[in-house]
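Undergrad: Quick one: the structure is below, questions incoming.
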Amino acid sequence: MTLLAVSDLRGGYGPVRVLHGIDLRVEAGEIVVVLGANGSGKTSTLRAISGMMRASGSVRIGDHEVLGRPPEVIARLRVAHVPQGRGTFPELTVEENLRIGAFSRRDKDVAADIDRWCTVFPRLRERRDQQAGSMSGGEQQMLAVSRALMMNPRLLLLDEPSLGLAPLVTQELFARLAELNAQTNIAMLIVEQNAKLALRIAARGYVLEAGEIVASGSSQELSSNDEIRKAYLGMA
Amino acid sequence: MTLFLQQLMNGIGNGVIYASVALALVLIYRTTGILNFAQGEMALFATYCTWKLSDEGVGIVAAIAISMVFAFVTGAVVERVLIRPVERASPFVILIVTIGMFLAVNSLAVTIFGDDEKQLPSAFADGGWSVGDVSITYEFVGLVLVLVAECVLLFLLLQRTKLGLGLRAVASNAESARLVGISSGTMLMFGWAIAAALGALGGAMYVPTTPALTAGSMQAVLVYALAGATLGGFDSPVGAVAGGLVVGVGEAMAIQYIEPLHDIELVVPFALIGIVLLFKPTGLFGRNVVERV
Chain A
1 MTLLAVSDLR GGYGPVRVLH GIDLRVEAGE IVVVLGANGS GKTSTLRAIS GMMRASGSVR
61 IGDHEVLGRP PEVIARLRVA HVPQGRGTFP ELTVEENLRI GAFSRRDKDV AADIDRWCTV
121 FPRLRERRDQ QAGSMSGGEQ QMLAVSRALM MNPRLLLLDE PSLGLAPLVT QELFARLAEL
181 NAQTNIAMLI VEQNAKLALR IAARGYVLEA GEIVASGSSQ ELSSNDEIRK AYLGMA
Chain B
1001 MTLFLQQLMN GIGNGVIYAS VALALVLIYR TTGILNFAQG EMALFATYCT WKLSDEGVGI
1061 VAAIAISMVF AFVTGAVVER VLIRPVERAS PFVILIVTIG MFLAVNSLAV TIFGDDEKQL
1121 PSAFADGGWS VGDVSITYEF VGLVLVLVAE CVLLFLLLQR TKLGLGLRAV ASNAESARLV
1181 GISSGTMLMF GWAIAAALGA LGGAMYVPTT PALTAGSMQA VLVYALAGAT LGGFDSPVGA
1241 VAGGLVVGVG EAMAIQYIEP LHDIELVVPF ALIGIVLLFK PTGLFGRNVV ERV
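Chains A and B, in that order, are what the protein sequence lines are. Using our numbering, the letters of the first sequence correspond one by one to residues 1 to 236. Using our numbering, the letters of the second sequence correspond one by one to residues 1001 to 1293.
This is how it looks when you write it as structure tokens:
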């Protein structure tokens, strides 16, 4: 079943057009990566999907056309967006950050879920009552992902999760994301500069250049494409 | 010494009022980043409503409660109708809107209720206790208790309820709040509504301690409350309360002990604002958010 279907997505900031007709899709339970250089429109694509940016075209989540809907409405369709720079609530404690993630949930399992993600990311339990802003970049990224998971999402949008993280921390994070996907079947659309790591956990990928999709295929196909190897994987 | 203690009590009595208006200012500032210059006039209008109800024979406590509900609703409507359209505009636009509201609400109050002086009964009984030569009025004790209750309820609301969590989330990071499904618009509306209700309460507490209710009743209060909020730090409810009290006591002491300030005591809050901005712009309780990059 197709969970996310984006077609002919166009948009920009004021007179500057940054997306020139993007088509992509994410199947239920699938990990998909979007590669591209700085300024190619990766972040804008995610922002348009979650309603943070005006755009034209079509964005379908399941059976719902969501283009033009406000972000809070799209979020309630269980689409969790971890923005670039993490977007945690720095003045609030770690536990409060997690409870905010469950804000629109009506079920009774919130406490159990907080416990669950604190077990997956033990640092969060240690820092439960600490201000989120005082944690290291890696810990904040774990928190941002956990907060998104508290929404009980079907689709997780991750904007450059590796940004500002040490290589080992990034590896750890990606390993966790792959585990999560295997266990919970949450679909993920990951925008990433670290192509090598991202392609390792993704099933498929797209390459974005100047607001257009210039290549797409399975992770294997992309990894063995010479041009992509040169441009994004740093290999000759 | 007796004089000093008496002035201290007077100062605290006024300070309590400043603190509660400062609390309303800070509540809106924290959730929306907007400094609502019309806060005092919205409270004035609600106080006129209290007077009207009381004049029609409603008991004063009931009149205050009804006016607070009215103010709560009005605050929400004001946010939705007047503030929402300019929410994303520059701070200057928003500033002008709140100043425009200041003038409009004031004029509206005069148009509806007339410009003659009115007497609003106090919610507290006359009289009090004498301790030595110092008299402690029931009103003084009542004012302090109301402020304490206000602080406790606000604390519980912000720290212990889901609505409070949402309000703090929007204040901390509005964009991320929307991404987890919190409607920031609804939260801001609640923020304005609660602040307006607090203002209504503050007005009804304050006016009976003055000679009469007039169209200018709340103007000095707004200035003192601004000084209190600046002193305490605009993002800190605790600071607003402490700041308001300090300003109240400072005002009373300045009137008593600094002869040249007699009748021009309004310079006290302005001087205080200047000094705070010069030496500690975040205020005494303002937080520098700890953030690692």
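Note that beta-carbon positions come from the ideal geometry of N, C-alpha and C, so glycine has one too. Here the structure is a predicted model, which is why all the values come from computation and not from measurement.
Since residue 17(A) sits in a beta bridge, which residues does DSSP pair it with?
TA: Residue 17(A) pairs with 12(A).
Undergrad: Within its chain, find whatever has a CB closer than 7 angstroms to the CB of residue 1276(B); leave out the 5 residues flanking it on each side and keep chain order.
TA: The residues are 1230, 1231 and 1283.
Undergrad: Is the shortest distance between the beta-carbon of residue 1172(B) and the beta-carbons of chain A less than 9 angstroms?
TA: Yes, contact with chain A.
Undergrad: Please give me, in chain order, every unbroken run of the alpha helix (DSSP H) with length at least 4 that falls completely inside the region 75 to 102 of chain A.
TA: Segments of the alpha helix (DSSP H) lying fully in the region 75 to 102 of chain A: 94 to 101.
Undergrad: In the DSSP assignment, what residue or residues form a beta bridge with residue 1112(B)?
TA: Paired residues: none, contrary to the question.
Undergrad: Under a CB-based cut-off of 9 angstroms, is residue 81(A) close to chain B?
TA: Residue 81(A) counts as touching chain B.
Undergrad: Taking only beta-carbon atoms, is residue 1166(B) less than 9 angstroms away from chain A?
TA: It does: the Cβ of residue 1166(B) has a partner Cβ on chain A nearer than 9 angstroms.
Undergrad: Rounding to the nearest angstrom, what Cα-Cα distance links residue 1293(B) and residue 178(A) in this structure?
TA: For residue 1293(B), the predicted structure reports a pLDDT of 41, less than 50, and the residue's modelled location is therefore unreliable. A value from the coordinates is still provided. Approximately 26 angstroms between the Cα atoms of the pair.
Undergrad: Please report how far the alpha carbon of residue 1291(B) lies from the alpha carbon of residue 215(A), in whole angstroms.
TA: Because residue 1291(B) carries a pLDDT of 45, less than 50, the predicted location of this residue cannot be relied on, and no value is offered for it.
Undergrad: With 9 angstroms as the threshold, decide whether the Cβ of residue 90(A) is near any Cβ in chain B.
TA: Yes, contact with chain B.
Undergrad: Have a look at the DSSP bridge pairing and note the partners of residue 1075(B).
TA: None; residue 1075(B) has no bridge partner.
Undergrad: Here's a check: name, in chain order, each residue in its chain whose Cβ is nearer than 7 angstroms to the Cβ of residue 20(A), leaving out the five neighbours to either side.
TA: The answer, listed in chain order, is 10, 211 and 212.
Undergrad: Assuming residue 169(A) contacts residue 138(A) (C-beta within less than 8 angstroms), just tell me the rounded distance between them.
TA: That belief holds up - the Cβ atoms of residue 169(A) and residue 138(A) are roughly 4 angstroms apart, short of 8 angstroms.
Undergrad: Beta-carbon within less than 7 angstroms of residue 1189(B)'s beta-carbon, same chain only, minus the 5 sequence neighbours each way: which residues are those?
TA: Closer than 7 angstroms at Cβ, skipping near neighbours: 1076, 1079 and 1080.
Undergrad: DSSP on residue 1005(B), reduced to helix/strand/coil?
TA: Reduced to three states, the DSSP call for residue 1005(B) is helix.
Undergrad: Starting from the beta carbon of residue 1169(B), find every residue of chain A whose beta carbon is closer than 9 angstroms, and list them in chain order.
TA: What residue 1169(B) touches in chain A: 89, 92, 96, 97, 100 and 103.
Undergrad: Against chain A, with Cβ distances strictly below 9 angstroms, would residue 1181(B) count as a contact?
TA: Yes, residue 1181(B) lies at the interface with chain A (some Cβ there is under 9 angstroms from its Cβ).
Undergrad: Tell me, to the nearest whole angstrom, how far the beta carbon of residue 1345(B) is from that of residue 1228(B); I am working on the premise that it is less than 8 angstroms.
TA: What is shown of chain B runs 1001 to 1293, which leaves residue 1345(B) out entirely.
Undergrad: Go ahead and label residue 1279(B) buried or exposed: buried means 16 or more other beta carbons lie within 10 angstroms of its beta carbon, across all protein chains shown.
TA: Counting Cβ neighbours within 10 Å, residue 1279(B) comes out exposed, since fewer than 16 surround it.
Undergrad: Can you name the residues that DSSP bridges to residue 169(A)?
TA: None; residue 169(A) has no bridge partner.
Undergrad: Whether or not the region 156 to 169 of chain A and the region 190 to 201 of chain A are in contact is what I'm after, with contact meaning three or more pairs of Cβ atoms, one per stretch, closer than 8 angstroms; do they touch?
TA: At 8 angstroms Cβ cutoff, the stretches touch.
Undergrad: For residue 1103(B), which residues in the same chain have their Cβ closer than 7 angstroms to its Cβ, ignoring the five residues on either side in sequence?
TA: The answer is none, since no qualifying residue turns up.
Undergrad: In terms of DSSP beta bridges, what is residue 1118(B) paired with?
TA: Residue 1118(B) is bridged to 1213(B).
Undergrad: Counting Cβ pairs, one atom from each stretch, are 3 or more of them under 8 angstroms apart for the region 1176 to 1183 of chain B and the region 62 to 81 of chain A?
TA: Yes, the region 1176 to 1183 of chain B touches the region 62 to 81 of chain A.
Undergrad: Give me the Cβ distance between residue 223(A) and residue 204(A), rounded to the nearest whole Å; I'm assuming they're in contact under 8 angstroms.
TA: That pair is no contact at about 12 angstroms.
Undergrad: Tell me the residue span of the alpha helix (DSSP H) that contains residue 1050(B).
TA: Segment 1039 to 1055, the alpha helix (DSSP H) holding residue 1050(B).
Undergrad: Under 9 angstroms, do residue 1172(B) and residue 103(A) count as touching if we go by C-beta distance?
TA: Not in contact: residue 1172(B) and residue 103(A) (Cβ atoms no closer than 9 angstroms).
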